[in-house]
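Numbering (this note's numbering), first residue to last: 1 to 332.
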Ligand SMILES: Cc1cc2nc3c(=O)[nH]c(=O)nc-3n(C[C@H](O)[C@H](O)[C@H](O)COP(=O)(O)OP(=O)(O)OC[C@H]3O[C@@H](n4cnc5c(N)ncnc54)[C@H](O)[C@@H]3O)c2cc1C
């Protein structure tokens, strides 16, 4: 059996790659080892019948703001994808029975911060100023392929706009830990927790350098745009992508684990499934899996002489304090 492209893994990124290539006229087969597609996007009736829960990922702001969604929104809607954007994107609940949340209405957010300590409302506004200054640069880098002319141009624009002083401030902010970010802008533990929860979300311990970047972007993006969840559960997004893939002639096979990817020279040729079936790729094999699954398992199985990959080192394995000076960021 032969296809132009074989895609290993039907997470939403694999599905999106499949949709793009099928739309461009390639014959596409996506192979997924689990009984259903979606990877870390899955919704199920976990509690009571009729109550659907997103088991892993739930906030789809990034997909909603992506070039892919801009191009395919109406086609995805025809396949059942509908977003519900909540105006109260997130809140932290505390052991004493109180809570502190973010509201799309800035004044309401400030009022709830002020209730605990006026300094926290001021801190929110100071941090928001930095978000307005830096987020255009960060978002244009975020959506640019790496490396690419678009990325170089985004960096050049940032250098012109922010100048060395602004760039230094940005670097200091991004290299800070979650705790440093919270301490620099907020006074009460509750307000600091509004920042900390997003650092933990990406597995950054409180004192790990670099932990500030995600909270910095997430808190204000959520405050301004709300939180986009899928009506009927996150899996509806996956179902819509599968519908679109099929509409363009692409195929998906579930329960199909890829055990080997064979190569000749520097070209990937075939995948070998767990039951021994071989499928050939004419033009490409795309592995939408972790590097460990690709190089540690699939590629090694076909080439046992390869050196073993080093164990992954996540951010938590580097529990060192960042040495950045957030006070310099504050001074502006
Ligand atoms: C608990 C949790 C909460 C999250 N919350 C959010 C959130 O709210 N918002 C957000 O934007 N992001 C969130 N994320 C991150 C987001 O879900 C992931 O970044 C995204 O789902 C990754 O998609 P992917 O398609 O790249 O990979 P995955 O979803 O990991 O898909 C990879 C697929 O490949 C399959 N596969 C692996 N090996 C093989 C093989 N050998 N053969 C065949 N198939 C194989 C897997 O079964 C899987 O289906 C969260 C992640 C987690 C874990």
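Virtual Cβ for every residue (Gly too), placed ideally from N, Cα, C.
For clarity, every value in this text was computed on a predicted model and none was experimentally measured.
Whole angstroms is fine: what's the gap from residue i's alpha carbon to residue j's?
{"i": "residue 305", "j": "residue 34", "result": "29 Å"}
{"i": "residue 219", "j": "residue 61", "result": "12 Å"}
{"i": "residue 24", "j": "residue 244", "result": "13 Å"}
{"i": "residue 237", "j": "residue 289", "result": "19 Å"}
{"i": "residue 284", "j": "residue 269", "result": "8 Å"}
{"i": "residue 90", "j": "residue 222", "result": "8 Å"}
{"i": "residue 294", "j": "residue 120", "result": "46 Å"}
{"i": "residue 113", "j": "residue 44", "result": "35 Å"}
{"i": "residue 215", "j": "residue 115", "result": "22 Å"}
{"i": "residue 126", "j": "residue 168", "result": "17 Å"}
{"i": "residue 150", "j": "residue 273", "result": "38 Å"}
{"i": "residue 207", "j": "residue 97", "result": "27 Å"}
{"i": "residue 118", "j": "residue 187", "result": "9 Å"}
{"i": "residue 247", "j": "residue 137", "result": "36 Å"}
For residue i, report the span of its beta strand (DSSP E) as first-last.
{"i": "residue 228", "result": "227-230"}
{"i": "residue 6", "result": "2-8"}
{"i": "residue 283", "result": "278-287"}
{"i": "residue 251", "result": "251-254"}
{"i": "residue 269", "result": "267-273"}
{"i": "residue 20", "result": "Premise fails: residue 20 lies in the alpha helix (DSSP H), 12-23, not in any beta strand (DSSP E)."}
Is residue i buried or exposed, if buried means 16 or more other CB atoms sit within 10 Å of its CB?
{"i": "residue 5", "result": "buried"}
{"i": "residue 332", "result": "In this predicted model, residue 332 has a pLDDT of only 29, less than 50, meaning its place in the structure is not dependable enough to derive any value."}
{"i": "residue 94", "result": "exposed"}
{"i": "residue 276", "result": "exposed"}
{"i": "residue 15", "result": "buried"}
{"i": "residue 318", "result": "Confidence at residue 318 is low in this model, with a pLDDT of 46, below 50, so its placement is unreliable and the value that follows should be read with caution. The residue is exposed, with fewer than 16 neighbouring Cβ atoms inside 10 Å."}
{"i": "residue 154", "result": "buried"}
{"i": "residue 71", "result": "exposed"}
{"i": "residue 299", "result": "buried"}
If you follow the alpha helix (DSSP H) that residue i is part of, which residue opens it and which one closes it?
{"i": "residue 168", "result": "149-175"}
{"i": "residue 108", "result": "106-116"}
{"i": "residue 334", "result": "The displayed coordinates of the chain run from 1 to 332. Any statement about residue 334 would go beyond what the structure contains."}
{"i": "residue 257", "result": "Unbroken run through residue 257: none, as it is neither H nor E."}
Could you tell me how far apart the beta carbons of residue i and residue j are, in whole angstroms, since I believe they sit closer than 8 Å?
{"i": "residue 104", "j": "residue 232", "result": "Contact doesn't hold; Cβ gap of about 23 Å is too wide."}
{"i": "residue 57", "j": "residue 41", "result": "5 Å"}
{"i": "residue 253", "j": "residue 21", "result": "Incorrect: roughly 16 Å between the Cβ atoms, too far for contact."}
{"i": "residue 80", "j": "residue 240", "result": "5 Å"}
- Task: Assess, as a yes-or-no matter, whether the region 181-194 is touched by the region 154-170 under the definition of 3 or more beta carbon pairs within less than 8 Å.
- Result: no
- Answer yes if the region 6-17 comes into contact with the region 34-46, meaning at least three C-beta pairs across the two stretches below 8 Å, and no otherwise. yes
- Message: Does the contact criterion of 3 or more C-beta pairs under 8 Å hold for the region 177-188 versus the region 196-206?
- Response: Three or more pairs of CB atoms, one per stretch, sit closer than 8 Å, so the region 177-188 contacts the region 196-206.
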